[in-house]
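2 protein chains.
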Amino acid sequence: MVNVAVLGYGTVGSGVVEVLNTNKDIIRQKAGEELKVKYVLDLREFEGDPVSEILVHDYDVILKDKDVKIIAEAMGGEEPAYTFTKNALLAGKSVCTSNKELVAKHGAELLEIAKKNNANYFFEASVGGGIPIIRPLNQCLVADEITEISGILNGTTNYILTEMSEKGSAFEDVLKDAQDKGYAERNPEADVEGYDACRKIAILTSLVTGAQVDFEDIHTEGITRITDADFKYAKAMKASVKLLGRSKRIDGKFYSMVAPFLVKADNPLYSVNGVFNGILVHGNMVDDVMFYGQGAGKCPTASAVVSDVVDAAKNLGKNVPVVWSKNKSELGKFEECKSRFFVRMKDKGLDDDQMTTIIEAFGDVLYVKAEGVVDELAFITKEIKEAEFAEQIKRFEDVYSVIRVDF
Amino acid sequence: MVNVAVLGYGTVGSGVVEVLNTNKDIIRQKAGEELKVKYVLDLREFEGDPVSEILVHDYDVILKDKDVKIIAEAMGGEEPAYTFTKNALLAGKSVCTSNKELVAKHGAELLEIAKKNNANYFFEASVGGGIPIIRPLNQCLVADEITEISGILNGTTNYILTEMSEKGSAFEDVLKDAQDKGYAERNPEADVEGYDACRKIAILTSLVTGAQVDFEDIHTEGITRITDADFKYAKAMKASVKLLGRSKRIDGKFYSMVAPFLVKADNPLYSVNGVFNGILVHGNMVDDVMFYGQGAGKCPTASAVVSDVVDAAKNLGKNVPVVWSKNKSELGKFEECKSRFFVRMKDKGLDDDQMTTIIEAFGDVLYVKAEGVVDELAFITKEIKEAEFAEQIKRFEDVYSVIRVDF
Chain Z
462 MVNVAVLGYG TVGSGVVEVL NTNKDIIRQK AGEELKVKYV LDLREFEGDP VSEILVHDYD
522 VILKDKDVKI IAEAMGGEEP AYTFTKNALL AGKSVCTSNK ELVAKHGAEL LEIAKKNNAN
582 YFFEASVGGG IPIIRPLNQC LVADEITEIS GILNGTTNYI LTEMSEKGSA FEDVLKDAQD
642 KGYAERNPEA DVEGYDACRK IAILTSLVTG AQVDFEDIHT EGITRITDAD FKYAKAMKAS
702 VKLLGRSKRI DGKFYSMVAP FLVKADNPLY SVNGVFNGIL VHGNMVDDVM FYGQGAGKCP
762 TASAVVSDVV DAAKNLGKNV PVVWSKNKSE LGKFEECKSR FFVRMKDKGL DDDQMTTIIE
822 AFGDVLYVKA EGVVDELAFI TKEIKEAEFA EQIKRFEDVY SVIRVDF
Chain F
462 MVNVAVLGYG TVGSGVVEVL NTNKDIIRQK AGEELKVKYV LDLREFEGDP VSEILVHDYD
522 VILKDKDVKI IAEAMGGEEP AYTFTKNALL AGKSVCTSNK ELVAKHGAEL LEIAKKNNAN
582 YFFEASVGGG IPIIRPLNQC LVADEITEIS GILNGTTNYI LTEMSEKGSA FEDVLKDAQD
642 KGYAERNPEA DVEGYDACRK IAILTSLVTG AQVDFEDIHT EGITRITDAD FKYAKAMKAS
702 VKLLGRSKRI DGKFYSMVAP FLVKADNPLY SVNGVFNGIL VHGNMVDDVM FYGQGAGKCP
762 TASAVVSDVV DAAKNLGKNV PVVWSKNKSE LGKFEECKSR FFVRMKDKGL DDDQMTTIIE
822 AFGDVLYVKA EGVVDELAFI TKEIKEAEFA EQIKRFEDVY SVIRVDF
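Chains Z and F, in that order, are what the protein sequence lines are.
In this text, residue positions in the first sequence follow my numbering: the first is 462, and each later residue adds one.
In this text, residue positions in the second sequence follow my numbering: the first is 462, and each later residue adds one.
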């Protein structure tokens, strides 16, 4: 029997206990041993809940108990999760987590500590919720040079964009609806501004490059400026607007960003709708592979944490190597990243030399029309560098919208 | 350095050599050691090809060489692959294969031999080509009770169905075109009759149930009877026709089959088009997860074989346990499996009591119309058992088409 402690009895933590109880027999078969939750750590009381019997408020009880071999950290946030995780690993206990903030910031260090102490730090649930992506990257796609990883990494924003696309609603209305349904937080900033997706693409890019990618270095845009008119154009182009976390290798360097992209139907991410996540990986041999599923939610996320717990149980006293060094990954500069841009601006009419200026600024562009949208010009540029685009777009007033194009 | 031998220098075997050479540095990093191809076994000569230097015609050279620790078997077919694999495992060498026939038939036995000899028998490439699915099932989705696995497991048939759907072409015309393009074999039986998909769902179901599923026990239908009229109805229903290999647990038993299904847009398999494969796994905690990518082809398949070779190199002398016993899995009887059926038959006109007979046979049904199709009746039944459907459909003459419905 292997004893497990769960830190935090919120959504994910209570899910971990539920998964371990509900699927007890299957998990014992897969792990080779019974996994027993010996402690749950939470500052709150849960009167009437069976968890009360194993509830502790003092982390030291868990840390000092030599019988506890594996810790499922479901507290979220940086502290005290960081200190708790570090001390557990130093004590030779393995830690499995869904905490993307902690993994993005201290993943490399915690992996190193785990290695030195013959323990493991696993974080399958930190990206893509229940979708297997971390282990497939580390253990399956190992014969490939990964040249791109693009993902719909946040279910809340994907739900909002899907609703806007299908119902023609405004961003604010869909956000309110999503909040009422519990799909979006009361303070939705982390989701709608792309911060959540940013931490996730930072983790994935660290694993792909084998070195530290700091999320602060990743250019991040959210979806708050996307309007129903953008979706009208998207439909006219048989495309959709998706918030992507993307790292793409161009001329030997990875360029990372989080931003809304126009995506066409031949991209498998196009069909990833609602609260679902999809992560597309391109390898030089395997070509495109996509992983799809529920990127959040109590049971899917807990399922991923428990799959890590099972792996930790199978590898007690033995470190499973992961290549993610503390050295900083040399990413390409955002300013030099090349994209095509979809631009909407006020139509100044035939008397103006607007179209001449557009040619001067961007060369030949592809004009686009959408049903029901008038008095504006919309076009797609050729591939140009971010810095050049930023410079040239200044020549125009009344720019309504700029979205990068993934085709 | 770990020495590897490749059996068979056809499409996959030459791909394995190419992947190992092209991605040498990455693979060394992931495996922790250099992987060197010491021998390639093939009966043919390859004059002018650098492989000539390491080509052998006698398997005993490889078997007796104690330096060869890992064998990539890319011969296909049952013999001599079975004997070669068995002898390699008995000698403590690990074997990685893309050979679905062999895995489906002798997987349980070869896994047992591998275990007894502290070696490994890996077969990631046997299902879904380059898509990671075997390792995710064995090592990622281990916290879940898997209740369904449904896959588009054959790229040739999916290409044909996609072309029929998009271009309104007839089966025979698309097949001929696919043969000309090299997407379909001159003898297309294994693909279009569903035999290839059948072996793959047998392997997946063996892994999900942990016991042997014989492919001969799986009811298998191909796509040769699907017509352009079927696609007209599918469009009217906002659905598509997909050849699925499916195992679904109903009332505690798994029911397996390979057959064309009508699939709606809310099923992620709906968007898997062309030569791509998609494998949907449903777990009681993780909900739906899908794995998508190239299900065949030289480099994608070789990528999966080499990922196994890397795993074998990381586990030399140590068996990675896989639950797949030789005992037969207790599948539910096909006759008792329940489905909804889409049926097309000749419209006998108002003078006939055809519609009364339909109610007698199937109860209330849902009638469907399609643009441009006349003189026929088409409807969807409620969920009924296969045996009952087979009995009742005998009451009707001139039945044009029967397709199971996945919604």
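The C-beta atom is built at its ideal place from N, Cα and C for all residues, glycine as well.
- In this structure, A565 (chain Z) keeps its C-beta atom at 8 Å or more from the C-beta atom of R707 (chain Z).
- Within chain Z, the residues whose beta carbon sits less than 8 Å from that of L602 (chain F) are P593, S764 and S768, listed in sequence order.
- Contact residues of the region 744-757 of chain F toward chain Z are G744, N745, M746, V747, D748, D749, V750, M751, F752, Y753, G754 and Q755 (C-beta to C-beta distance below 8 Å).
- Remark: three or more beta-carbon pairs, one from each stretch, lie closer than 8 Å, so the region 792-809 of chain Z and the region 838-857 of chain Z are flagged as touching.
- Residues of chain Z whose Cβ lies closer than 7 Å to the Cβ of V480 (chain F) are, in chain order, A604 and M746.
- Identification of chain Z residues near R596 (chain F) by a Cβ-Cβ cut-off of 7 Å yields Q600 and C601, ordered along the chain.
- With 16 or more neighbouring CB atoms inside 10 Å of its own CB, F584 (chain Z) falls in the buried class.
- For A631 (chain Z), DSSP records no beta bridge to any residue.
- In the displayed model, C798 (chain Z) falls within coil according to three-state DSSP, outside both helix and strand.
- Residues of the region 725-737 of chain Z whose Cβ lies closer than 7 Å to any Cβ of chain F, in chain order: P729 and S732.
- Closest by C-alpha distance to F737 (chain F), out of F:G493, F:N728 and F:T618, is F:T618.
- Between the alpha carbons of F803 (chain Z) and V866 (chain Z) lies a gap of roughly 6 Å.
- Taking a C-beta distance under 8 Å as the contact criterion, V724 (chain Z) and T685 (chain Z) do not qualify as a contact pair.
- Beta-bridge pairing by DSSP links K807 (chain F) to F:E837.
- Proximity of N484 (chain F) to chain Z, defined by a Cβ-Cβ separation below 8 Å, is satisfied.
- Secondary structure note for P761 (chain Z): its alpha helix (DSSP H) is the uninterrupted segment K759 to K775.
- Only I487, I488, Q490, K491, A492 and G493 from the region 485-515 of chain Z bring a Cβ to less than 8 Å from some Cβ of chain F.
- In terms of beta-carbon proximity, P649 (chain Z) stays away from the interface with chain F, with every pair separated by 8 Å or more.
- Under the Cβ distance rule, V517 (chain F) does not count among the residues neighbouring chain Z, no pair being separated by less than 8 Å.
- Annotation for K779 (chain F): N579 place their beta carbon closer than 7 Å to its own, counting only its chain and skipping 5 residues before and after.
- Sequence-distant Cβ neighbours of E514 (chain Z) in its own chain, meaning closer than 8 Å and more than five residues away, do not exist here.
- In terms of beta-carbon proximity, D772 (chain F) lines the interface with chain Z, with at least one pair separated by less than 8 Å.
- Pairing S786 (chain Z) with A575 (chain Z) gives a Cβ-Cβ distance that is not under 8 Å.
- The C-beta of V564 (chain F) comes no closer than 8 Å to any C-beta of chain Z.
- When the five nearest sequence neighbours on each side are left out, the beta carbons in the same chain lying within less than 7 Å of the beta carbon of G824 (chain Z) are those of K843, in order along the chain.
- Ranked by how close their Cα comes to the Cα of S611 (chain F), the residues F:D813, F:S475 and F:G744 have F:G744 in first place.
- At a cut-off of 8 Å between beta carbons, P761 (chain F) contacts chain Z.
- DSSP places M698 (chain Z) outside both helix and strand once states are collapsed to three, so it counts as coil.
- Taking a contact to require three or more Cβ pairs closer than 8 Å, the region 663-672 of chain Z and the region 586-606 of chain Z qualify as touching.
- Exposed is the label assigned to M462 (chain F), since fewer than 16 other Cβ atoms lie within 10 Å of its Cβ.
- Comparing alpha carbon positions, the residue from F:Y753, F:I488 and F:L468 closest to I594 (chain Z) is F:Y753.
- Annotated three-state conformation of A580 (chain Z) is coil, per DSSP.
- G474 (chain Z): member of the alpha helix (DSSP H) spanning T472 to T483, first to last residue.
- When C-alpha distances from N776 (chain F) are compared across F:K525, F:E494 and F:D486, the shortest belongs to F:E494.
- Identification of chain Z residues near V674 (chain F) by a Cβ-Cβ cut-off of 7 Å yields none; the smallest Cβ-Cβ distance measures about 18 Å.
- Beta-bridge partners of T681 (chain F) (DSSP): F:V719.
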